[in-house]
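I have placed the structure first, in the form of structure tokens, so that the comments after it can refer back to it.
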Amino acid sequence: MKEIDVRDYPPCEPMEMALEAASALKSNDKVKIIHKQIPYPLFEVLKNRGFSYTLEELDTDLFHIIIKKGS
Amino acid sequence: MFGRDSGLSLDQAPPLQIPLRFFVTAPIFGIVAGLFILAFVPSLAARSSLEVITLTHFFTIGFLAMVMIGAMFQMLPVVAGARFKYQNILAPLIHSLLSGGLIVFAYGIYTYTSIAMIVAMVLMAFAFLMFIFSTLSALIKAKNVTPTIKAFIFSLLSLFIAILLAMHITISHATTDISTSHQALLNAHILFSLMGWVGMLIIGVSFQVVPMFYVAESYPEFYKKHAVKVIFISMLGLAFGLINDNYQLYLLFKIFISLVFIDYGVTTVSRLITRKRKISDTTIHYWYLAMSMLIVALLLSLANEYFNNYLLNTVAAIIFIYGFAMSIITGMLYKVVPFLTWFHLTNQGYMNMPTMNDLIGKKLTTIQFYLHVVSLASLIGLVFINDLQVVAGVVVFLSNAFILYNLIKGSKLYFTKQGLEKMNF
Ligand code: HEM
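Have a look at this one:
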């Protein structure tokens, strides 16, 4: 699975990077976004664009978001 | 965890209009403050003179509280995954009660009209109390009480105390029944509103935005865990000392609180200096200005305990309100408004948009920053030199008019259909 670490980018780049990666996904692919906070705004855009995601909290400042197409 | 159809709507950002109406109103009251100086404020030397009380609240309620309340509507979903219930009614209601209340308050205080003072107090207290209780009830439901949430809770408790005290002192004025404890209660009102509500809220927001917007290192865990608790408890101690005329206790806690805030200022500056992304924009200058002004304000206020010159305190208050709080809030608005505009358009499916940093443009914010510095200097000057009335009024007016212009520019794209079509090629 492709991984994208967005921790060292200021807004709005993390969201741009995540959305770009999501829209490049093939039907059964997934992409992992490595984030330092829970990106609630990204979740909203993903939902509106028909993606689904899971959130893993590894630490107070380390989160993995796994995105796939459809539900 | 939660996926697409978990029915979780909590993470939804409020519509742009909800925070924006507060953000845009702030510089309008700043403009009113500039006009008010031109017309009625020949000097800032006399604290608690009617014109100074009025002017103070144009800044503290009209500008600071206005933005901070609007920002809370925005931040709650992001920091707590929680949202205001009935936000579509609550936001316009709080906004209009506060704006209307402030205008009546200005009239009531400046002309010393009892009935207007009472009406204003009721309107504004109602707005603040609704805000406090709805925010607190959303915050305590947060699954995960982060240091930012803790800071918000303590800052809201301080605001609650500040408003109760405000009601008491306003009623004293309206009934011209000024008790011997008036001065102590007034000082407590100032303490809980400025250090407590404004100061702790800004600390809580910094925990979140300094690492995020500037890709800087997080604040030390120890500080994040304990700072606001120490400030809040010390404020209670300080207020106790004030009201019971116990100077030693008052001084001890005052030094304690000052040290925690100075530590915050120094830590923030060091985090920003060592930030990973060395891009410099106007908001960084605003942060440096705000942090140095915070430290200067606290040192002046401490120095006053030794020199006992009330002018020192007045200058400290101006520097805290206009140099620290207004600076940081303006800097924050320059980040947040373009970000929200960008975000809402992205969320509606628009592509190929200008980046958020291009929405306002560095030149405009830089000019405004220098106007802000000049207006701060002229307000300090107005404590000592009466001839500065016109200068101070004009630059405060211009600086705030410029903020208003920049905010409109930063959010215009969202509202102009023409802009949308242009982008959506
Ligand atoms: C319902 C809202 C409020 C009311 C009715 C109110 C009322 C008052 C009154 C009547 C005074 C003058 C008392 C005197 O000098 O005898 C005063 C002073 C002051 N208030 Fe408020 N206040 C409110 C909210 C706030 C807020 C939110 C802040 C800050 C964020 C604030 C900051 C101050 C400051 C700094 C002073 C000292 C002004 C001076 O010495 O000239 N107030 N307030």
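Protein chains in written order, with this note's numbering: chain A, 1 to 71; chain B, 1001 to 1425.
All residues carry an ideal CB built from backbone N, CA and C; glycine is no exception.
Taking Ala1297 of chain B as the reference, which of B:Met1124, B:Ser1234, B:Ala1317 has the closest Cα? B:Ala1317
Find out if the Cβ-Cβ distance for the pair Leu1379 of chain B, Tyr1322 of chain B is shorter than 8 Å. yes
Exercise for review: Taking only heavy atoms of ligand 2 into account, decide whether any of them is closer than 7 Å to the Cβ of Met1124 of chain B.
Suggested key: Inclusion of ligand 2 in the displayed structure is not the case, the ligand content consisting of ligand 1 alone.
Is Lys1278 of chain B close to chain A? Criterion is C-beta to C-beta, closer than 8 Å.
no
Original post:
For Ile67 of chain A, which of A:Met15, A:Asn48, A:Lys32 has the nearest alpha-carbon?
Top reply: A:Lys32
>> Which of the three DSSP states is assigned to Glu1217 of chain B in this structure?
In response: coil
Could you tell me whether the Cβ of Gly1003 of chain B comes closer than 8 Å to any Cβ of chain A?
Residue confidence is low: Gly1003 of chain B scores 36 on pLDDT, short of 50, so the model does not pin down where it sits. Its coordinate-derived value is still stated next. So yes, Gly1003 of chain B belongs to the interface.
Which residues in chain B have a C-beta closer than 8 Å to the C-beta of Asp29 of chain A? List them in chain order. Residues of chain B passing the Cβ test: none, with the nearest at roughly 16 Å.
- Item | Selected residue, minimal CA-CA separation from Leu1194 of chain B, among B:Leu1404, B:Thr1060, B:Val1260 | B:Thr1060
What would DSSP say about Thr54 of chain A, mapped onto helix, strand or coil? Strand at Thr54 of chain A.
task: Return the bridge partner residues of His35 of chain A from the DSSP annotation.
output: A:Phe63
Closer than 6 Å by C-beta to Ala21 of chain A: which residues in its own chain qualify, once you throw out the five before and the five after it? Chain order, please.
Ile4, Val31
Whole-angstrom Cβ separation of Ala1013 of chain B and Ala1082 of chain B, contact assumed at under 8 Å? Between Ala1082 of chain B and Ala1013 of chain B the Cβ distance is about 12 Å, and since that is not below 8 Å, they are no contact.
- Task: Anything in chain A within Cβ reach of Val1215 of chain B, meaning under 9 Å, just list it in chain order.
- Result: Arg7, Asp8, Tyr9, Pro10
>> I'd like to confirm something about His35 of chain A: is its beta-carbon nearer than 7 Å to some heavy atom of ligand 1, or not?
In response: Annotation for His35 of chain A indicates a beta carbon at 7 Å or more from all heavy atoms of ligand 1.
Give me the DSSP bridge partner(s) of Glu16 of chain A. The partner list for Glu16 of chain A (beta bridge, DSSP) is empty, contrary to what the question assumes.
- Message: Which of the three DSSP states is assigned to Asp5 of chain A in this structure?
- Response: The answer is strand: DSSP assigns Asp5 of chain A an E or B state.
Q) Do the CB positions of Gly1393 of chain B and Leu1035 of chain B come within less than 8 Å of each other? A) yes
Requested in this report: Tell me whether His1226 of chain B is buried or exposed, calling it buried when 16 or more other Cβ atoms sit within 10 Å of its Cβ.
Outcome: exposed
Length of the line joining the Cα atoms of Leu1020 of chain B and Tyr1250 of chain B = Leu1020 of chain B and Tyr1250 of chain B: Cα-Cα distance of roughly 40 Å.
task = Measure the alpha-carbon distance for Leu1156 of chain B versus Asn28 of chain A and round it to whole angstroms.
result = Looking at the two C-alpha atoms, the distance is approximately 47 Å.
Exercise for the section: Assuming Ala1127 of chain B contacts Leu1165 of chain B (C-beta within less than 8 Å), just tell me the rounded distance between them. Expected result: Ala1127 of chain B to Leu1165 of chain B, Cβ: 17 Å. No contact.
Practice problem: Please name the residue, chosen from B:Leu1333, B:Phe1384, B:Asn1313, that lies closest to Tyr1286 of chain B on a Cα-to-Cα basis. | Solution: B:Leu1333
Between Asp59 of chain A and chain B, is there a C-beta pair that is closer than 8 Å? No, because no Cβ of chain B sits closer than 8 Å to the Cβ of Asp59 of chain A.
- Query: What does a CB cutoff of less than 8 Å around Asp61 of chain A pick up in its chain, not counting 5 residues either side in sequence?
  - Reply: Lys36, Gln37
query = Three or more beta-carbon pairs under 8 Å between the region 1294-1309 of chain B and the region 1173-1192 of chain B, yes or no?
reply = The region 1294-1309 of chain B, when compared against the region 1173-1192 of chain B, does not touch it at the 8 Å Cβ threshold.
Just to make sure I have the definition right: I need the residues of chain B whose C-beta is within less than 8 Å of the C-beta of Glu44 of chain A. Which are they? Asp1011, Gln1012, Ala1013, Asn1347
For Ser1006 of chain B, name the three-state secondary structure that DSSP assigns. Unreliable placement is indicated for Ser1006 of chain B, whose pLDDT of 34 sits below 50; no coordinate value is reported for it.
Comparing the C-beta of Pro1211 of chain B with each C-beta of chain A, is any distance below 8 Å? yes
Discussion item. Contact criterion: CB-CB distance below 8 Å. Does Lys36 of chain A meet it with respect to chain B?
Written reply: In terms of beta-carbon proximity, Lys36 of chain A lines the interface with chain B, with at least one pair separated by less than 8 Å.
Sheet register partners of Lys68 of chain A (DSSP bridge)
A:Lys30, A:Ser52
Practice problem: Quick one: using the 10 Å Cβ neighbour count with 16 as the cut-off for buried, is Gln1348 of chain B buried or exposed? | Solution: exposed
Backbone CA spacing between Ala1116 of chain B and Ile1089 of chain B [nearest angstrom]:
26 Å
* Taking Cβ positions only, does Phe1425 of chain B come closer than 8 Å to chain A? -> No answer about Phe1425 of chain B holds up, because its pLDDT of 39 lies below 50 and its placement is not dependable.
What is the DSSP secondary structure of Tyr1112 of chain B, reduced to helix, strand or coil?
The answer is coil: DSSP assigns Tyr1112 of chain B none of H, G, I, E or B.
Practice problem: With DSSP collapsed to three states, give me the class of Ala1046 of chain B. | Solution: coil
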